[in-house]
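Chains as they are written, first to last, in our numbering: chain X, 150 to 353; chain P, 150 to 353. Built from N, CA and C at the ideal position, the CB exists for glycine as well. The structure under discussion appears below in the form of structure tokens.
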């Protein structure tokens, strides 16, 4: 797959060796996440809102109540910065200065568009499938009123950049012999045993 | 501890029953996190940047290279929205519409201030201690050049709101008898076994 043709204004300048515009890298980071932080400007002030999302080909989609202020605002053509970050580890160096984190992140800039009514059912099923595969076929699908109450926004993957740090600490050569434990404490999002809703039991 | 006196403009309107302004709740959510998404407006466009942070009493501090564009920009008095989000579970309902997530989040609005040179050493030790307790005493501390190269910003906890969802799905009464598994799949950030940097071994 070809790289994203991200424009200069959104290419990464800080530690550019960690930047990537590769589609597979970007897709993998987006597909591993559930919540993006979506930044926008409301009444001149910045807001960063955590939102459940899913990738749909060459776009990401997110949703909310049609009545929510931010969904109305964003649906009217407000530019956003959509950021997904995975924490992969604490990097402990021999010097305080070189402590760091391992992470994978993707940043998408653009203006989201409303998903049309005719496309909503398919988009909604993507959210449900993201919660658990096969789930759209098991659950009671959204009815007309629920579908109408939900606004879905689509942000195309055009202005996109990934940034990734991996590996151990990068200490200065003169610090390498210090008697200090150095390395990485891995971090990962993990899933526990599913907890069944007790109401299911009483309902038979 | 008293509640935060968050002003009306930053009080939560969407599902207000999940909002909290309680200091202990806010502190606990902040203290459980490592990375905040910090939103600001640069050249009229929103940006959400993932940044390592630590709580210092009634403020949060975050840092970066003094030469990084965003640190210079933020150090000059740009308003930010500082958001920390923990994902606690996927909530699987009997209906697609009532699928949800359990989460804990905190949002802080304000204008960060530069931490003065004289205060930097103490602030830097808080970051190192956050990576691992006792670490500031073990590692080679930042020298004058490293300290100068680091800009630290402090955002006071004044305009603060927490939002928390816990518990199982909230299905409609008429869906309770549907033969659909419903419940919560817990999620948590977990730490793996520390991986020692191999350079330590070769250095003896």
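Does any residue of chain P have a CB that is nearer than 8 Å to the CB of residue i?
i                      : result
residue 350 of chain X : In this prediction, residue 350 of chain X has a pLDDT of 47, which is less than 50 and means its spatial position is unreliable; nothing more can be read from the coordinates.
residue 189 of chain X : yes
residue 183 of chain X : yes
residue 223 of chain X : no
residue 150 of chain X : no
residue 277 of chain X : yes
residue 165 of chain X : no
residue 248 of chain X : yes
residue 310 of chain X : no
residue 173 of chain X : no
residue 203 of chain X : no
residue 293 of chain X : no
residue 229 of chain X : yes
residue 317 of chain X : yes
Going by CA-CA distance only, name the one from the options that's closest to residue i.
i                      : options                       : result
residue 162 of chain X : P:165, P:189 and P:214        : P:214
residue 141 of chain X : P:174, P:286, P:256 and P:261 : The structure shown does not extend to residue 141 of chain X, since chain X is modelled only from 150 through 353, so no value can be given for it.
residue 185 of chain X : P:226, P:242, P:315 and P:234 : P:234
residue 283 of chain P : X:266, X:294 and X:245        : X:245
residue 189 of chain X : X:290, X:277, X:265 and X:261 : X:261
residue 199 of chain X : P:192, P:230, P:175 and P:247 : P:230
residue 324 of chain X : X:285, X:247, X:281 and X:275 : X:247
residue 322 of chain P : X:158, X:289, X:242 and X:169 : X:289
residue 172 of chain P : P:160, P:151, P:159 and P:183 : P:151
residue 182 of chain X : P:201, P:158, P:250 and P:195 : P:250
residue 223 of chain P : P:302, P:308 and P:309        : P:302
residue 169 of chain X : X:308, X:297 and X:221        : X:308
residue 228 of chain P : P:297, P:167 and P:193        : P:193
residue 252 of chain X : X:179, X:268 and X:158        : X:179
residue 298 of chain X : X:278, X:225, X:269 and X:275 : X:269
residue 225 of chain X : X:264, X:175 and X:204        : X:264
residue 220 of chain P : P:203, P:243, P:191 and P:175 : P:191
residue 281 of chain X : P:330, P:275, P:167 and P:296 : P:330
Applying the criterion that 16 or more other CB atoms from any shown protein chain within 10 Å of the CB defines a buried residue, is residue i buried or exposed?
i                      : result
residue 292 of chain X : exposed
residue 312 of chain P : buried
residue 206 of chain X : exposed
residue 156 of chain P : exposed
residue 165 of chain X : exposed
residue 272 of chain P : buried
residue 294 of chain X : exposed
residue 340 of chain P : exposed
residue 259 of chain P : buried
residue 195 of chain P : buried
residue 344 of chain P : exposed
residue 328 of chain X : exposed
residue 300 of chain P : buried
residue 267 of chain P : exposed
residue 160 of chain X : exposed
residue 353 of chain X : At residue 353 of chain X the pLDDT is 41, less than 50, meaning the model places this residue with poor confidence; the figure from the coordinates comes in the next sentence. Classification for residue 353 of chain X: exposed.
residue 158 of chain P : exposed
Give a yes or no on whether the minimum CB-CB distance between residue i and chain X is below 8 Å.
i                      : result
residue 176 of chain P : no
residue 218 of chain P : yes
residue 162 of chain P : yes
residue 157 of chain P : no
residue 208 of chain P : no
residue 304 of chain P : no
residue 313 of chain P : no
residue 324 of chain P : yes
residue 266 of chain P : no
residue 344 of chain P : yes
residue 367 of chain P : Past the boundaries of the shown model lies residue 367 of chain P; chain P is included only from 150 to 353, so the question cannot be answered.
residue 179 of chain P : no
residue 261 of chain P : no
residue 254 of chain P : yes
residue 169 of chain P : no
Could you tell me which residues DSSP puts in a beta bridge with residue i?
i                      : result
residue 152 of chain P : P:171
residue 301 of chain P : P:212
residue 335 of chain X : X:238
residue 252 of chain P : P:236 and P:314
residue 202 of chain P : P:211
residue 263 of chain P : P:302
residue 344 of chain P : X:333
residue 289 of chain P : X:244
Next on the checklist: I'd like to know if the region 334 to 350 of chain X and the region 301 to 320 of chain P are in contact, where contact means that at least 3 CB-CB pairs between them fall below 8 Å.
Outcome noted: In the pairwise beta carbon analysis, the region 334 to 350 of chain X is classified as touching the region 301 to 320 of chain P: at least three pairs are separated by under 8 Å.
Checklist entry - Hey, is the region 238 to 256 of chain P in contact with the region 328 to 343 of chain P, meaning 3+ C-beta pairs nearer than 8 Å? => result Touching, yes, given that three or more Cβ pairs across the two stretches are closer than 8 Å.
Item to check | Stretch-stretch touch, CB-based, cutoff 8 Å, three pairs: the region 210 to 226 of chain X with the region 214 to 224 of chain P | outcome: Contact fails: fewer than three Cβ-Cβ distances are below 8 Å.
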